[in-house]
Amino acid sequence: MPVPLIYHDDYSPQFPAEHRFPMDKFRLLRDHLVDSGLTLDAELLRPELCPVDILALAHDRSYIERYMAGELAREDQRRLGLPWSEALARRTVRAVGGSLLAAEQALEHGLACHLAGGTHHAHYDHPAGFCIFNDLAIISRYMLESGRVNRVLIFDCDVHQGDGTARILEHTPDAITVSLHCEKNFPARKAQSDWDIGLPMGMGDAEYLQVVDEALNYLLPLYQPDLVLYDAGVDVHKDDALGYLKLTDEGVAARDESVMRHCLGRDIPVVGVIGGGYSKDRKALARRHGILHHSAQKVWLSSGCH
Numbered sequence: 001m002p003v004p005l006i007y008h009d010d011y012s013p014q015f016p017a018e019h020r021f022p023m024d025k026f027r028l029l030r031d032h033l034v035d036s037g038l039t040l041d042a043e044l045l046r047p048e049l050c051p052v053d054i055l056a057l058a059h060d061r062s063y064i065e066r067y068m069a070g071e072l073a074r075e076d077q078r079r080l081g082l083p084w085s086e087a088l089a090r091r092t093v094r095a096v097g098g099s100l101l102a103a104e105q106a107l108e109h110g111l112a113c114h115l116a117g118g119t120h121h122a123h124y125d126h127p128a129g130f131c132i133f134n135d136l137a138i139i140s141r142y143m144l145e146s147g148r149v150n151r152v153l154i155f156d157c158d159v160h161q162g163d164g165t166a167r168i169l170e171h172t173p174d175a176i177t178v179s180l181h182c183e184k185n186f187p188a189r190k191a192q193s194d195w196d197i198g199l200p201m202g203m204g205d206a207e208y209l210q211v212v213d214e215a216l217n218y219l220l221p222l223y224q225p226d227l228v229l230y231d232a233g234v235d236v237h238k239d240d241a242l243g244y245l246k247l248t249d250e251g252v253a254a255r256d257e258s259v260m261r262h263c264l265g266r267d268i269p270v271v272g273v274i275g276g277g278y279s280k281d282r283k284a285l286a287r288r289h290g291i292l293h294h295s296a297q298k299v300w301l302s303s304g305c306h
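In our numbering, the protein residues as written are 1 to 306.
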C-alpha cells in the first residue's frame, strides 16, 4: 500500500486572489501529487470535522465559539490576517480533523502525511499569523489524554518559531516542543519551547542538515517518544517570500527524508504536516510542499513500513 495521505476538498475555499496567504496551495498540492503520479485522488483519505470537545483540549471554548460564529474582536482579526467566512471556519476545523486522522494513520502504519496542517502560531484563546486552531497542540493533548501515547515529540522545522504550540503545551510535560527556526523572524516575541534551536539568516543546506541530524540523534533517544509530529514547513526555502534561510529543493528533500528515517529507524511513528510556505508562484509552492509527500513515499518503500 502507498503511504497514507490525508486531504479534503474543503481545504482551499474561495479566497481573495491578491491575499498574502496562498489558500489555493492545498488544492494545487493535491493536483501536483496526482499529476506527478504519487497518488490518485480516490486514494486520499478524507477527514471528518474535528469535534469541538477535541478542539477544546487545547483552546478556550469561548474563543472557539467566537471564531466559529465570525465574532472575533478586531484586534484578533488583525493578528490572524485572514478574512472570516463560513467556508474558512469549516476548512479550519476540517484541517484539524485531517491532522488527527494523519496521526491515527501514523500510529497504525508507522508513517502518514497530511496535505495541510502545522498551524503553530494559534494560541489558547486567540489566533495569530494565519493560524486559528493549533493542530499540533490539539493532537498532542488528544493522543496523551486518550492514552494512545505516553509521550509525543513535536519536531517543528517551519522557519518561524512555533510560539503558540510552546505556550499551549508549556505545562504538558509529556508533549515535548522542539522548534528549529530562523532566529530573526516572526514572531518578534518568542515563546519558550522545550528546545529552541535558533538559526542564523542565510543558512544553507549542509549546515542546516547537520543541525537536524544532531538534534534528532540527541532528542529521540533522550525522550523516546511514542509519536513524532513533524512540521515540514518549506518557508526555509531560498525562494520563500517570508523565509530568510537558503535551502534548495534538494536540501528540503534531504531534511524530510532525514527526519522520517531517524524516527522509523527507532520504530517511532511519524506524521508529517506541511507547515508554512509563501510565494506568488503558487504552482512552484505546491511542488515545494510536495517534496514532503514524495520523500515520505521514498522512505516508506525503503523502510518496509507497508
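Glycine residues also receive a C-beta, built at the ideal position from the N, C-alpha and C atoms.
So what does DSSP say about residue 53, is it helix, strand or coil?
helix
Neighbourhood of residue 91 by C-beta distance below 7 Å, restricted to the same chain and skipping five residues each side
Answer for residue 91: 10, 11, 13, listed in chain order.
Residues bridged to residue 128 by DSSP?
131
Determine the burial state of residue 217: buried for a count of at least 16 other Cβ atoms within 10 Å of its Cβ, exposed for fewer.
exposed
Residue interval of the beta strand (DSSP E) (run including residue 177)
Per DSSP, residue 177 belongs to the beta strand (DSSP E) from 175-182.
Compare the beta carbon distance of residue 282 and residue 28 with 8 Å and say whether it is the shorter of the two.
yes
So, using beta-carbon positions, are residue 236 and residue 212 closer together than 8 Å?
no
Measuring straight from C-alpha to C-alpha, what distance separates residue 276 and residue 119?
The straight-line gap from Cα to Cα measures roughly 8 Å.
Pull up the DSSP beta-bridge partners for residue 155, would you.
178, 230
What first and last residue would you give for the beta strand (DSSP E) that runs through residue 198?
Per DSSP, residue 198 belongs to the beta strand (DSSP E) from 195-199.
Between the C-alpha atoms of residue 133 and residue 59, what's the straight-line distance to the nearest angstrom?
7 Å
Considering residue 294, what are the terminal residues of the alpha helix (DSSP H) in which it resides?
Run containing residue 294: 282-303, per the alpha helix (DSSP H) assignment.
Would you grab the beta carbon distance between residue 39 and residue 2 for me? Rounded to a whole angstrom, and I think it's under 8 Å.
Confirmed, about 6 Å.
Determine, using beta-carbon pairs with one atom in the region 60-79 and one in the region 102-112, whether at least three such pairs fall under 8 Å.
Short answer: they don't touch.
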